[in-house]
Each structure stands twice: as C-alpha cells, then as structure tokens.
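Okay, structure first, notes after.
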Amino acid sequence: MRKLVWLAVAGLAVLGAATASAQTTPRKGGTIRMTAPYAASFGSLDFHTTPRAQDEIVGKSLNRTLYNFDSSTNKLVLELATSVTASPDGLVHTFKLRQDAYFHNGRKMTADDIIWSYTRIMDGAKAYPGARYVRLIKGAIDVEKGTAKEISGLKKIDDFTLEMTITDITDPGFYFFDGTTAILPKEEVEKPNFANNPVGLGPFKFKEHIPGSRVVLERFDKFYKPGKPYADRIVVQLMAEAAARDVAFRNKEIDTSILGPAQYVAYRADPELSKGILEVAEMFTRSMRMNPEFKPFADKRVRQAINYAIDTDLIIKRLVKDKAYRATSWLPLSSPSFDKAVKPYAYDPEKAKKLLADAGYANGFEFEWTTSQNESWGLPIVEAVIPMLAKVGIKAKPKLIETTVLTDVIIKGDFQAVISSSLTGPDSLAQLRCFYSKTPRSACNYVTFNNPAFDKLLDDAGQTTDAAKRVDLLRQANNILYEEAPVWFFNYNKAVLAYQPWIHGLQANPTEITHQYTEDLWVDEKSPAK
Amino acid sequence: MLIVIARRIANVVPTLAAVIALIFLLFSVLPGSFISGMSEEGRTIDPAVMERMRKEMGLDDPLPTRFAKYVTHVATGDLGTSFRTREPVTTLIGPRIWPSLKLVFAAMTFAIGVGVTLGFFAALKPGSLIDTFSMVGAISGLSLSQFWFGLMLMYLFALKLQWLPSFGYGDGGLTHIILPAVALGVGPMALLARTTRAAVLDVLNADFVRTARSKGMSERRVVTWHVLRNALVLVVTIVGLQFGSLMGQAVVVEKLFAWPGIGSLMVDSVFQRDMPAVQGCILMIVLFFLVINTLVDLAYVAIDPRIRYS
Amino acid sequence: MSGPLLRVEDLHIALKTEAATYNAVEKVSFEIGRGEAFGLVGESGCGKSITALSVMGLLRRPLSLSGGRIILDNEEIQDASVAEWRRLRGKRIAMIFQEPMTALNPLSPVGRQIAEMFVLHQGANWNEAMDRAEDALRQVQVPSPERRIKDFPHQLSGGMRQRVMIAIALACSPELLIADEPTTALDVTVQAEIIDLMAELCAAKGTAILMISHDLGLVANMCRRVAVMYAGRIVEQQDADAIFAAPRHPYTQGLINSLPRLGERSRRGRQRLQEITGVVPSIAGYPSGCRFNPRCAAVTDICRSVSPEITPLPADGLVRCHHHG
Amino acid sequence: MKLKGGSSLWIGGVLVGIAVAAAIAAPIIQLTDPVLDANLMNAEIPPGADFPFGTDAQGRDIYSRIVHGARISLTVGIVSQICNSLIGVTLGLTAGYWGGWWDDLVSGLTNLMLAIPSLVFALAIMAILGPGLFSLVIALGLTSWSYSCRIARAQVLSLKSQGYVQAARILGYGDLRIMFTQVLPNILGPLIVIATLGMGGAILSEAALSFLGLGIRPPYPSWGSMLSEARDQITTAPWLSVFPGLAIFLTVLGLNLLGDGLRDILDPQSTTRRA
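Protein chains in written order, with our numbering: chain A, 1 to 530; chain B, 1001 to 1310; chain C, 2001 to 2325; chain D, 3001 to 3275.
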C-alpha cells in the first residue's frame, strides 16, 4: 500500500515537512502533468529575463542555481557546490563546485559558467531581474554601471573552486537560490533562439513549447543525482482559470492543481479528493497597509483600533475557509524570528471604539480602500470587513483596481489603505528592511514607516555575524511592528496543492508550492498519462 | 476582376492605418507600467532595474517620437519587442495564429453547419415544430453568457459524461477543439439560424419564386434551383461579419479553455501591460477581420452577378 | 372535345387572419374558350390577381380556395394534388407576372431560366434546352439571342425582361396563358409592342389568354370578352364591344369615363377626365348590400341593404346591379 | 422574425418588466442590505426559507443582491445604449446631411468600429479607465454605435433624394431643425429596436468583462460580477451562480424577444435585422 504523508501542520512550528514515504521504491518512467496556474502563458524560457513565479515552475526542472531551498528542513542548501567556507568577517565565501554537473548539451559546468551567468545578469543595458541579487557581490554594481567588464568580487580559483566576496553580512543562499540567477551555458545563450531552445543544468531537458498551451520536458540522463529523475517526461500545462482547472483535475487530465478557498473546502469534503491535498504555510503575509499620509492612519491608536475591530479569525475561518494562518505580525510562521509568545490582535470592537475615541475619532471616519479582485486577499475580504468596520463607525469605500495596477499604486503611495500580499521570506532581514526608515517608498517601505528603535535593531542585525543574535534582534523588530501596527495583520497564506493518488514525492515548498524539484517526483502505474 | 480585388484591398489600407494609430494612442495612456506586469504577488522589482528597463524600451521618449518609430517598424513588418519576454512580438504571435485560426474555423463550421441548416428548414415550414424549436433555441443562444455556457459544457461533457477533454490544445487534434468551438460558435450559430430563416422566407416570398412555381417546378427544385443561392447572398454578409469578428470574440473562450490563441495572448498581455504584444494582437485581430471581409466581398462577386458590373 | 377550355364556377377565396376569415373573392364564375382572349378588369385589390393565382393553384397562406370549381378541359383541377398541379403549371397553364424586374431570378442567366421549362416538361437535357431557349428568345424578338441567353436579368431592359417572361410562359405552348398586368410596369411605348407580341404568339400557338389588368382600354382592344371585378365579385361581363357601347354597371361606366380617348379631348375642351370618387373598400370593411354603394352616383336605399343578384344580359353577358340598364 | 404572432413581444415585455420593476423597487423588496448585511456566520447557506436564493461567501442574501444587481445591469444596458444611439444618430445625421469629407470621415470611423470587435475595444477602454460602472458605461457606450449611425445616414440620404430637405431649406429651416424634425421621427422605430437588442448585448458584455476581471466597481453587485465571483464555487455552492446566471439569461432573453416584437411593430421593413 502506497501511503503518502501529506503535510501535518503540527502546532505552528513544524512546517513544510512533507515528503513522500520511502516505503515504496519510486517507479522509473511515466509522465508527470503539472499545471502552471498563474497566467495563460509563460513569460520566457530564458530564465535570466523573467522574474515570474509562473515561469519558474518550468525553471525548477530545466535549470539549477547555486543554492536551493530544502523544503524538508526549511533551509537554504548548496546545490551546485559541495561545500562553502566563509571568512571570519563573513564577507568572503569560497565554494567547492560539483564536478558532475552537465548542461543538457553535454558540457560539464565549471566556475566560469557561474561567473559568466552572474556577469550576464549584471548587464546594465538589459536590466535583468536577477541583478537585485547579484548586486550583493562586490563590484557587480560597477559592471551594471558599465565601468567594469568583470565582477571583481568573483574569483575563479580553479575550474571547480569559486571565491565570492559580498558587500553585506548575510547568507548568500538567500540571494542565489532564486531562479533568475540560474547558471546557463554561454555557448547556448549566445545562439539566436535560446529562449525557444533553452538549455540548463536541471534534471529535465527541453522538448517543446506550445505558447499559451504547455511546455514539455524530457528526462536528462546525465543529471548529477544518481538514479534521478524518475519520470520520462514532464508536461506543464497552462491553466489560469480555476474553474477549468477544477474540472480538468477531477477529470484526471492533470496530476497537480493549486486550490483556491472554495475548492479547498470542496476537496477536503470529498472522501477521495481529500486524500491528495498538500498544504504549506507560504512566506506571504496578507495585510492592509495604512498610509500615514491619510491623517487618521498617522495615529497608532487608529491603526490598532482597526486591528481590533476586524474579526480576522472569523474571516479566515468562514471566508478563507481556513486556507490561511492568522497573522500576528509581519514575519511568517516559517521565519526563525517569528515570536510564538505574541498573540494576534483579539477581536474587540469595544476596545477599538475606545482607541478611536482616544484618538479623536469617536464618530469614526471614512476611508478609501484600494483592492484587487483576488479571492484570497482582495475584494471578497474587503466586502466582508466593511460591515465590521461599520460597527465601530469607520466607513470603508472599496476601490477596485486590476491586480496589475496594484503594484504601481502601492509604489506610488497612491492609496489611503490597500490590501495586498507580500513576500516575507526567506530572508527575514531583507523583508524587515521594508520598514526601515531610510528605505525609500519606491523600494518597499510603502507605508513610510519610521521608528528609531526599529531602525537601531535592524542596523545591529545587519552587522552581526552571530546568527542566533541576529534572529533575536529581528524578533524584537518584528514585535515592534506588531505594536505599531502599520498594517492590518490579516494572514499568512496556506498554499494548497491538490494531487492525484499516483503522483509521489511532492515537496511542501514554502517559498512557492508550485515550485517542485521534479527530480524527486514520480508517478506509479495508475497514472492514466501515457 | 483584378481591378475589383485591387480596389477592395485598397479600401482596407486606411482602416488598417487608423487602427494602428488608434491602438497606439489608446495604449500609451494605459495606467500601470509594464513593470507592474512583471511583478507578481508580493515580488516587486528593484526601482533601479525599472528605470533601466524604461530606458531600454525607449519609454521615456516623447509620444510623437515613439509613434513615428512604431509606425515605421510596423510598416516593415516589425511589431516591436515584447516588454515581457524581450522577444520580437512577431515570434510571440506567430505560434498563436494557427491555433486561433483553427478555433475560429471550427466554431464557424459549427455555426454555419447547425445555424444555416436549422434556419433553412425552419423557413421551409414556418410555424412547424422544427421552426419553433429552432427559433426558441436561436434566441436562447443569443441570450447566453459565453463563459457561463462554456463552463456548463465543460462540466457536462468533460466532467459528468467524460466524453471530451475539458481544456487545452492537446496535440491539436479534434477532441480538444470541440468544446471551445461550440462555446464560441453558439452565438454566431443562433444569429445565422435567424438570419438564414429570414433570408429564406424573404426569398420564398419573392416574385421569381412564384414564377418558378408557375413553371411547374417541384418545391424541392424551386428551393435548390432558385431559393438557395439567393438566400446565400443574404447569409454570406452575416457569415462574413461574424467570421471576421470571431477572433476577437474568442478572448473569453480562449481564456476559459486555456486555448493558446491570439485572444488569450491579448488578455494576458493587457494584464501584464505588455503594450507591444497587445498592439500586435489587436492588429492581427483587425487584419483577420479585414481579410475575411475582403474575401466575402470577393465571394459576393462570384455569387451575385449584379455586383460584377457595378 | 367539347365545352370551354376553362370554366370557373362559383369561386370563393378566403383570407384567413388571426382575427377572422374574410371572403376575398366571392361567387366568381366565368368561361374561356379555346384560343379565346378573355379580360378581367378591376382596380387593384379587387381580387382579380388572386383569382388568376387560384387558377394556377398558387394561392398561399393566408389565402386559400374556400369554394367553387375550376374546370380545365372538362377536368376539375381545384383539388388537384401537388404532383398534378406540377404537370399542369407551365405545361398547360402558364402565367406572366406584373413585375419583370422581380419575377426573374436575379442570379440566374435568362437563358437558363427559359431552358428550365424544357428540362422540366419535355425531358430535355441542359444542352438541348439551352439551344431551344435561344430559339424561344428569337421568337419573342429579342435581338442577338445567342448572346442574350447568357445575360442576367439586370442587364436587360424592362421590355426585354417581359419578353423573356413571355418566352418562358409560351415555351411549352400552353393551352392557357394568364397575363397579370403584363405591361403595367413598362414604358407606354413598349406596352403596345409587348401586347402585340403576346397576342400574335398566342394566336399562332392557339393559346387562350386570361388577361388581367386595371386598364379597360387595353383589355378591350385585345380580348373578345371582358369581365369587370369589384371588391371580390364580378359586377359585369359582356363582349368587349358591347361593354364600351353600353356599360350596364355604374362602376363599369365610371371606368370607361375615366379613360382618355383620342379625339374626345377637343370636344370636351379642358374638362378633366372623370374619376370615380372614393376608394376601394378594404376587405374587412365591405359595405352591406351592393359593395359599390358608397361610391355609386345612382345609389338608392335597396343598394345599401340588399346584395344585387346576377341579371343575365344578351350574348352570355351579365350584370350585378339593382339599377342596371 | 418572431416566434408566433405577438407572443415574443408579450413574453419579452413581461421578462423585461420584471427586471425593471425589481430594479426600481430594489430598496423596498430587498430582504437585507446587499452590502452591509454581510454576516460571515450566515455564509453559503443554500436557498431556503430565510434566504430564498441562499447566501454568498460573505453571508449576504443573494436575492437582495440580484434585485440590486438589476439596477446596475439595467443601468449599464440603458445608459450605454443611450450613448451609442446619441453618437450613432449624431454622426449618421451629420454625415448624411453635410456629406463631403465629414461623411468620408464618419464612414471611415464606422469601418474602424466594425473592424475592431467591440469586446476587444471595450476591454482596452476598461483597462485604461479601470474597473467601475462609469468606465463600463463608457466602454460599452463608445463601441457599438455603427448600426444606428448607418440607419440615420441612410434615412437622411433617402429623404434628401426625395426632396424633403430642399423643401425644408427653401422654407428657411436651419440644418439642425431639418435634421431633427424630418429625420429623427422616421428612424425612431428602428433606433428603439437596435437599442433594445443592444441592451441585451451590453449586459452580456458586462458579464464577459467581469469574467476577465474588468467589471463593475464594488461593493454594489452586478449580475456579471456575481456570476464571475461564483464560478469557482460551481460544484460546492451552485446557487451562487445559478441565480445571477438565470437573471442574466432571462433578462437578455426578454430584451431580445422584446426587440423582435418591437421590430414587427416599429420597423416593418426590418432595417434592423441583425447584421
């Protein structure tokens, strides 16, 4: 009997620990049919050019990065290197690279490929999205500005030894696991049609791409993990429409599907479908940002009052159908700096009224609430909150905009309040910098948060090489955010992946559940796919 | 004949030019930058990168300069570079044309096959059961919300009956195209049923049909020798207009069924603010309309001798 | 072989609407002898055209035959089956319609439209039929028929089109030709040509003519006998000469007085032609009694209450009037 | 074209009448407030005694939302068709009357409008203006005036050829007066028919745009946005989509039937037969 262990969320601590049972040996062969649910097309298969989570679903099979995120331990682990050593000041890292990694064209990867890939990413004229990560390396910025041809912080010791000097005391793993920093072969990239014939280091090689429909990948036999990958083929189907995906999944046309709240309920209630549900607390925090330029929101008591006035637990339970975890503060559950001792704001309209009265808004006020149509962190939530705020005298007027425009609105500060979802991991320091007073609004301090005590904690955290101390400093900073309530802390996303009983080895990746390391996936004989 | 063709094609040019100008202007005032399209939930792009990209794409140039550039490029068949993929828009659109055409042709085959047949037989027996049935069906077909109908088809034929795959392009085979084609074709089908019925009734009441009857022709011969072709002239206009606009109407169906056509590329590109791609898609949609209607005009010349000499 | 070619007896045609059923034609009887030309005259809406259509079996909803008999060559045809009608139409009875513009299929070459007759009724193949169609066009005096057979109706003048219609109608040498206002839509100069052509060809083929027109003068010139219809009934029937010399029904008198006549103009000076006052009553609003009574100058009380019966006149004539004479 | 006799007019009139009555009387016949009476404790209750059409995910009464949705959907339909008629008639009248370069320009514009499918055009306009009732009315009101324009123009040309216009001009009437007094009454019938059928189309377009995420601005509901939001719950809570779906279908059906019926009365020559 094959038995799958789907994610058991034990308390709040053990997260992202789903692995396939090792009781049966994985079957070789077969086809895995995954879905790309976020848009009706892929951006590009030249993964340096595209920052989209949608594209990275394919990228995880096709490419490899220096680091990877290990979902079973929630840690960043070396992928293309076998070991790394750091200098005492924490700025120079020396990598021993894998000697068995081959590109799909058969050539062995060396330190030159990493240097070339990172240098390409820093091409100032091209503005590749991965530049934000590579900029960590000393001298990278000079390449971007065009004053240098090579990144001075990258040094090839020998073919399989690379020395990297960085500018900040941090774990480079946070920077070099992102798909936009994939290691690509120069000779292939320079061919004119690379995006249509991508070549990488991953366990699967490119077979075909029908734009707007699907990408097909085939097993790469010289992949460096012995015995892997298992499947012969991977098909990634584009399916943006949730209702259509639901039908296709029930019709057994696809092996995995992302679930929204409504389907989450339906699938949990179904005796068969409920056996194939993988849940993970993703590193996304959903919140309503309050712009202090709108006068009532400049007052901490008003912001707290809003947190008290909304019955957040009820919304999560009834509307989000428990497809989320209640947010306490900014950092997500998986962050080491998450403080379990802190309890989320309670639902207390009386206290909210009192706070409002203290702040001089005994009769309430009216504000405009910008929202997208997103079912988990958009209009439906706003619609449920409106009557709750009305009870304490606050009138919220929803302003619907497209999801696409949301980012623009937030960056420009063109809102009184806006509900959105923010990536809050895995680098807690980087995420908290979004409330650092010197961070400009356009970078990510969208509520122009300014708190000297908070700044001080972040400065200290950035300078320490002691990991435990850093975790503690960030915990304190996170708790200041809780107290200051620059946002309404709504929830941390629970990503839910439905899967068919014949697919095994799925990982509960908290950075993005659709990003599966496909070399670990396999399908048994029951799969209807040929 | 050649002159007729040349004149029809010449008529198309100003419309096409106007469309190019219109879509360029429309989309130059679209809110939200292309950067917003590139950032997803919670993942934003470095402002410095944004600045650079703006420059690279020439978005900081004044509008007239950009327009001039765009027009010269379009004139040479270059539809610009996609913001999203940084590939030429033509390579983006290229692979979408065939699936789009397939879907549109399949939908139209369905619409003509069912609609014209129903309308035709309804007109031959006005007031009969088949007439009432067809016309109630037709007016209901016109009142259906496309995505709702598509969803219903999907549930019924894919999920409940399991006769057909629910979505996607598959290997381009017949089974995958049936549901989207029916969902897309039901509107034109209803319209064609009504138009055909009206056209055939019109022709059946025409004097020359009375003449034909007075010649002692069987009703069947009257219909095949005299009614069909005359009704066709009336139906062809509607077929042309419907056919031509179908590629644009396919937006919803393509989205719902994950069909890799021009329509879904366009919607996606609108939401990602990939202006060059959107402009390219609209241009294709308009071009398709114009080509189909030019062909219909020419078909007229073949069917209706009155036009040939005027 | 005895008796008339066509005998219509006590013909009734019903018009069915959602609200009610009306008699569009009532108690109409007439006879046409072999080779004879018979005229049916009346204003538009009087029922003469539908009478003709009933003889062709071409009445269509909402009209239908509701009574009476149509006898062609001693054979009752009013209840003929679809197949029987098909063998009658075109072959034994043919018809020419008013509008040569619309009576021909615009999308078919005229030659083909003539040739159809030979294919339908004489079992000819299309090649033969086209050759015969060319001959038929020549008979109706269309110039260069070999080129015209390929022409489409819109390329021909009105007169030419009507010649084509005649060619179609006479293609199978029918026993009876029904001509429904064959020249009304044509220029005056062409009218005479067409009428002459029709008369000439019918005489040559021995075809009888049922000529339908609102123009009493035209009919009287061509036909031996004339019937006048008013509001669905025949009100007077006489020899053409007699009807001009001594019209018995006030309506007929009115029709004759409204005709312009050569030579009379100078005598009457600037006096206007006489017109019949009022309009033809609509089918739903036929007055009781004599249907002409609201427009009649000689109307008396009896006209308003009692419908006049037929009074026979000499030489198979008849009149339907209380005050005939 | 009609079903049988005047039955299409009759059935259509009743269906549309119900929708209009619901829209007008919405605040009276509503059971709860369609926006503020959200109560998550009542979420997703199937149709029953308390909530005749059930409740939605936020616990709002669907019946009340449908009744209010009638206001939005009919407003979209009516206002957008008024826009279309105004634009179409103005352009058509002036083009036919003045002729010349203006006529060329207008017929060029008409060709342009025909060449860009109206859904695509509306999509573009919605993307520019952002979701909302106003944008929706603009997007649908600017994109399908070509029929009324053609009819107005044709009518002017036919009146011109009949000499009406010259006569009026000799009498000293101004251009505008001639256009409106002579032409407008003649095309009012076909215009009403076009607008009636167009309203149905506008309601369907609203649903399509909602599906694409470019619909009405909350919190007041339109049928299209209700349907669009409910589509993921079609297996779990079918009533969420059944009732707005029916509301759209029956209202559009009513408008189509009404249009057909009106055509028989107002436009016997059928200049408006759907083309």
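We put the beta carbon where it would ideally sit given N, CA and C, even for glycine.
CB contact below 8 Å: residue i versus chain B
{"i": "V2008/C", "result": "no"}
{"i": "K2091/C", "result": "yes"}
{"i": "A240/A", "result": "yes"}
{"i": "V3252/D", "result": "yes"}
{"i": "L3123/D", "result": "yes"}
Proximal chain A residues relative to residue i, where beta-carbon distance stays under 7 Å
{"i": "L3040/D", "result": "L314, I315, R318, L319, A384"}
Cβ of residue i within 8 Å of any chain C Cβ
{"i": "A1123/B", "result": "no"}
Helix, strand or coil at residue i according to DSSP, with G and I counted as helix
{"i": "Y102/A", "result": "strand"}
{"i": "W377/A", "result": "coil"}
{"i": "M239/A", "result": "coil"}
{"i": "F174/A", "result": "helix"}
{"i": "W1163/B", "result": "coil"}
{"i": "H2121/C", "result": "helix"}
{"i": "V58/A", "result": "helix"}
{"i": "N1205/B", "result": "coil"}
{"i": "I310/A", "result": "coil"}
{"i": "N251/A", "result": "coil"}
{"i": "L2006/C", "result": "strand"}
Chain D contact for residue i (CB, 8 Å cutoff)
{"i": "V265/A", "result": "yes"}
{"i": "L1290/B", "result": "yes"}
{"i": "P1260/B", "result": "no"}
{"i": "P271/A", "result": "no"}
{"i": "P380/A", "result": "yes"}
Residue environment, residue i, which counts as buried when at least 16 other CB atoms sit within 10 Å
{"i": "S3158/D", "result": "exposed"}
{"i": "M122/A", "result": "buried"}
{"i": "A149/A", "result": "Before going on, a small fix: residue 149/A reads as Lys here, not Ala. It counts as exposed."}
{"i": "S87/A", "result": "exposed"}
{"i": "A352/A", "result": "buried"}
{"i": "R2267/C", "result": "A caution first: R2267/C carries a pLDDT of 48, below 50, which makes its placement in the model unreliable, though a value can still be read off. By the 10 Å Cβ count, R2267/C comes out exposed."}
{"i": "W502/A", "result": "buried"}
Where residue i meets chain B, residues with beta-carbon distance less than 7 Å
{"i": "L3257/D", "result": "I1139"}
{"i": "I3248/D", "result": "S1145"}
Contact set between residue i and chain B, taken where Cβ atoms lie within less than 9 Å
{"i": "R301/A", "result": "Simply none; closest approach about 28 Å."}
CB contact below 8 Å: residue i versus chain A
{"i": "S1245/B", "result": "no"}
{"i": "P3131/D", "result": "yes"}
{"i": "Q3233/D", "result": "yes"}
{"i": "T3075/D", "result": "no"}
{"i": "S1264/B", "result": "yes"}
Under 8 Å by beta carbon: chain E residues contacting residue i
{"i": "Y1155/B", "result": "In the displayed structure, chain E is absent; the protein chains listed are A, B, C and D."}
Contacts that residue i makes with chain A (C-beta to C-beta distance below 8 Å)
{"i": "S1214/B", "result": "Those do not exist, as S1214/B stays about 58 Å from chain A at its closest Cβ, beyond 8 Å."}
Cross-chain neighbours of residue i in chain D, by beta carbon under 7 Å
{"i": "Q373/A", "result": "G3213"}
Partners in chain B for residue i, counting only beta-carbon separations shorter than 8 Å
{"i": "F2244/C", "result": "Residues of chain B passing the Cβ test: none, with the nearest at roughly 32 Å."}
8 Å Cβ cut-off: residues of chain D touching residue i
{"i": "E402/A", "result": "A3127, G3130, P3131, G3213, L3214"}
Worksheet item: Any residues in the stretch 193-212 of chain A with a beta carbon nearer than 8 Å to a beta carbon of chain B? Which ones, in chain order?
Response: Along the stretch 193-212 of chain A, going in chain order, the ones with a CB nearer than 8 Å to a CB of chain B are A195, N196, I210, P211, G212.
Worksheet item: Closer than 8 Å, Cβ to any Cβ of chain A: which residues of the stretch 1155-1174 of chain B, in chain order?
Response: Y1155, A1158, L1159, Q1162, P1165, S1166, F1167, G1168, Y1169
Worksheet item: Going along the stretch 444-457 of chain A in order, which residues come within less than 9 Å of chain B, judged by CB to CB distance?
Response: C444
Worksheet item: the stretch 3025-3038 of chain D: which residues have C-beta closer than 8 Å to a C-beta of chain A, in chain order?
Response: V3035, L3036, D3037, A3038
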